[in-house]
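Just below is one structure, and these are the notes that go with it.
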Amino acid sequence: MENLNTMQKRNKEPKTKAPGNYKKGNTADAVKIFYKGKEADLIVFANTEDAVLAYRADPQLTELPNVVDVFQVFTAGRGAKGNLGEASMSQMQLEFGNDKSIEQVIDAILKQGKISGVENTVSNNSFEK
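Residue 90 in the UniProt record's numbering sits at position 90 of the sequence shown; the count goes up by one each step and never skips.
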């Protein structure tokens with residue numbers, strides 16, 4: 001899968017939205033879920049804060065498509081801001097173990113991560129509030 005920088009270079013136009021098709025309901029914004037890991041900090045973009053809270057109340061892997069549109073995990077290295085790229089499988093395995101699928105990793109990030117707010121702009125390839 002391509003990371004955000006590769007997609008931007010290919011399209012050669014500035015991105016003004018978080019990755020994916022976040023157009024459920026009346027919003028075109030995504031909510032950033034930030035997971036502070038031991039080795040790398042990981043980020044997942046969810047459709048809405050309400051969807052994340054509902055998922056946390058009754059977490060079921062079959063409901064993930066109602067919470068996230070893009071089954072990708074991003075990283076900025078250390079910290080919640082910075083250049084985002086797609087997290088490697090080895091980064092996710094270091095944090096969650098070798099036997100986890102992408103769905104299980106996203107599930108863990110949604111349940112344990114911090115809701116960082118709505119992300120709707122990109123400045124110098126980094127998402128800002």
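Virtual Cβ for every residue (Gly too), placed ideally from N, Cα, C.
Counting only the Cα atoms, I43 lies some 9 Å from L84. By the neighbour-count criterion, in which 16 or more other beta carbons inside 10 Å mark a residue as buried, L53 falls on the exposed side. Rounded to whole angstroms, the gap between the alpha carbons of K38 and A108 is 14 Å. Under a 10 Å Cβ-count criterion, Q60 is classified as exposed, with fewer than 16 other Cβ atoms of the shown protein chains found around its own Cβ.
DSSP lists F34 and F74 as the bridge partner or partners of I43. Of the residues assessed, D41 falls on the buried side of the cut-off, its CB having 16 or more other CB atoms within 10 angstroms.
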